[in-house]
Amino acid sequence: MSYLVLDTEEGVVIYSDGARSCIGIDTEFQAWLRENKDSLPNDIQAKIDAGTLTIADAD
Amino acid sequence: MSRARDFADLAGSANAGGITGRNLIINGAMKVAQRGTSATASSGYHTVDRFQLAVINMDNAAYTYVQSSVAPTGFSTSWRIDCTDEESALAADEYSTFTQAIEAQNLQQISNGSSAAKSLTLSFYVKSNKTGTWGLNLYKPDNTGRQITATYTISSADTWEYKTITFAGDTAGGGIADDNGAGMYVYWALAAGSDYTSSDSTSWSNYSNAGFLYGHNVNFFDSTANDWAVTGVQLEIGSGPATPFEHEDIGTTLAKCQRYYFKIVSTSTADAFAVGQNNTTLRADGSLGFPVTMRASPTAIETTGTATDYLINTSGNSYTCNAVPSFIRANSQTPYFRFPVASGLTTGYGAMLRAAVAGAYLAWSAEL
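As they're listed, the protein sequences go chains A and B. Per numbering that gives the first Met the number 0, the first sequence starts with residue 0, numbered consecutively. Per numbering that gives the first Met the number 0, the second sequence starts with residue 0, numbered consecutively.
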């Protein structure tokens with residue numbers, strides 16, 4: 000399972016893993032980002048590099 | 000016993016937390032399972048509503064868990080986990096729990112963190128082939144994280160046993176915020192590595208990993224013969240004895256669950272999810288009202304993952320989706336979502352956003 004950038008709506012980026020889609024603060028998406036932070040897809044890494052997506056610390 | 004005595008007891012129950020509505024646990028009879036009735040090898044919320052499994056750091060364990068129809072007298076369902084691959088050598092950092100998080104604003108009456116802090120009594124039915132000493136934990140995350148642990152004993156293999164454990168009130172730790180976050184977690188331990196069992200936490204104390212599952216002495220994952228089932232879970236104010244499990248009507252329990260998760264499922268090929276409008280020739284957007292105001296704004300939409308499970312009816316024609324419906328936004332009362340197609344919609348026309356198969360679904364989560 001891997002997420003990609005699906006769309007941008009009114010300035011909000013939507014991410015999808017093929018079955019669920021979400022915004023960047025989604026808890027499950029954030030957990031996936033943390034688990035895969037060293038090997039993220041290029042489009043998602045680009046969002047992080049641009050500062051429009053942040054990987055939050057785990058609770 | 001006289002009716003007068005019955006009413007006196009009821010009045011006492013009201014003082015302790017209510018004649019009805021005294022169970023702080025939601026779905027304690029394991030009757031609601033919106034997400035599905037079985038799951039394999041993945042931590043998180045997957046079967047019965049409001050309860051989640053955590054399996055942490057284990058490298059070999061495999062398991063299935065289900066909403067089971069095997070239940071003690073007076074119940075029709077339980078939650079059961081079966082070990083399907085062993086984690087026979089439990090490492091220090093490995094553990095597993097079954098958990099429910101209770102919303103903070105539903106716990107103000109326990110006066111946590113004050114001199115008036117009230118005791119809580121946990122009761123439940125449990126059955127396992129594996130006898131021994133099993134651990135429990137109450138964890139309060141707000142302000143200073145605090146925990147208290149206890150154990151219970153499964154004495155007879157493969158037999159439903161009723162357990163009741165009272166936890167003292169916690170007068171320290173800064174209390175529980177009156178908000179929609181997690182106010183308390185109730186954990187049933189299934190396995191605990193030595194990192195989590197070395198510090199006595201049988202009185203309220205500041206959280207430490209070493210005390211998290213103190214006293215737990217069973218590795219549920221040490222044999223593929225193992226199973227563990229639970230139901231009739233009740234957490235109520237008072238120092239015991241526990242009152243009988245409060246059976247709710249299913250509509251009440253379902254509505255409570257839908258505050259945290261809502262799934263709309265088609266039962267035929269013709270069921271509609273929502274009405275909407277063709278925003279372009281390639282998509283129709285729609286919305287619906289959640290049946291219960293959710294705990295928080297959902298941040299995702301869940302689908303089957305199969306685009307052809309969904310279609311749009313508009314201008315007298317059907318258009319099968321070429322990608323699954325997607326999230327646009329949501330608040331706690333209504334989501335806004337998109338059905339995409341390859342071509343052919345007339346912009347501005349109304350649309351019925353539908354299932355193409357039985358079992359297609361849309362779901363939103365606001366779980367703790």
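Think of the CB as a built atom: it goes at the ideal place given N, C-alpha and C, for glycine as much as any other residue.
- C-alpha of D178/B to C-alpha of E102/B: approximately 8 Å in a straight line.
- Interface criterion not met: the Cβ of I54/A is under 7 Å from no Cβ in chain B.
- S1/A carries a coil assignment under DSSP once its states are collapsed to helix, strand and coil.
- Contact annotation, G192/B with N142/B: C-beta distance approximately 28 Å; criterion of less than 8 Å not satisfied.
- As computed with DSSP, A32/B is found in no beta bridge at all.
- The C-beta of A299/B comes closer than 7 Å to at least one C-beta of chain A.
- For N218/B, the secondary structure class from DSSP, reduced to helix, strand or coil, is coil.
- Sequence-distant Cβ neighbours of V264/B in its own chain, meaning closer than 6 Å and more than five residues away, are Y360.
- Taking 7 Å as the cut-off, the beta carbon of P243/B is found no closer than this to the beta carbon of A181/B.
- Taking S314/B as the centre and dropping the five residues before and after it, the same chain places the C-beta of T345, Y348 closer than 6 Å to its C-beta, in chain order.
- Counting along the chain, A38/B sits inside the beta strand (DSSP E) bounded by residues 37 to 39.
- With its beta carbon less than 7 Å from one in chain B, E8/A belongs to the interface.
- Between the segment 25 to 39 of chain A and the segment 292 to 305 of chain B, the count of C-beta pairs closer than 8 Å reaches three or more; the two stretches touch.
- For the segment 159 to 224 of chain B, there is no continuous alpha helix (DSSP H) assignment of 4+ residues that stays within its boundaries.
- For the 7 Å CB-CB criterion, V340/B and N321/B form a contact.
- For R33/A, the uninterrupted alpha helix (DSSP H) run begins and ends at 26 to 34, by DSSP.
- Remark: three or more beta-carbon pairs, one from each stretch, lie closer than 8 Å, so the segment 231 to 246 of chain B and the segment 116 to 131 of chain B are flagged as touching.
- When the beta-carbon positions are compared, I55/B and K255/B stay at least 7 Å from each other.
- Neighbours of G17/A in chain B, taken as residues at a C-beta separation under 8 Å, are given in chain order as G304, V323.
- Between N205/B and G131/B a beta carbon distance of about 28 Å is seen, past the 8 Å cut, so the two are scored as non-contacting.
- Residue environment for E34/A: exposed (fewer than 16 other C-beta atoms within 10 angstroms of its C-beta).
- Below the 9 Å Cβ cutoff, chain B contributes no neighbours of L32/A, its closest Cβ being approximately 13 Å away.
- Chain B has a Cβ within less than 7 Å of the Cβ of L5/A.
- Of the candidates A38/B, N218/B, S75/B, the residue whose Cα lies closest to the Cα of A28/B is S75/B.
- Legend: CB atoms of the segment 248 to 280 of chain B lying less than 7 Å from CB atoms of chain A are not found in any residue.
- Here P334/B is buried, its C-beta having at least 16 other C-beta atoms within 10 Å.
- In the structure shown, the three-state DSSP call for C256/B is helix.
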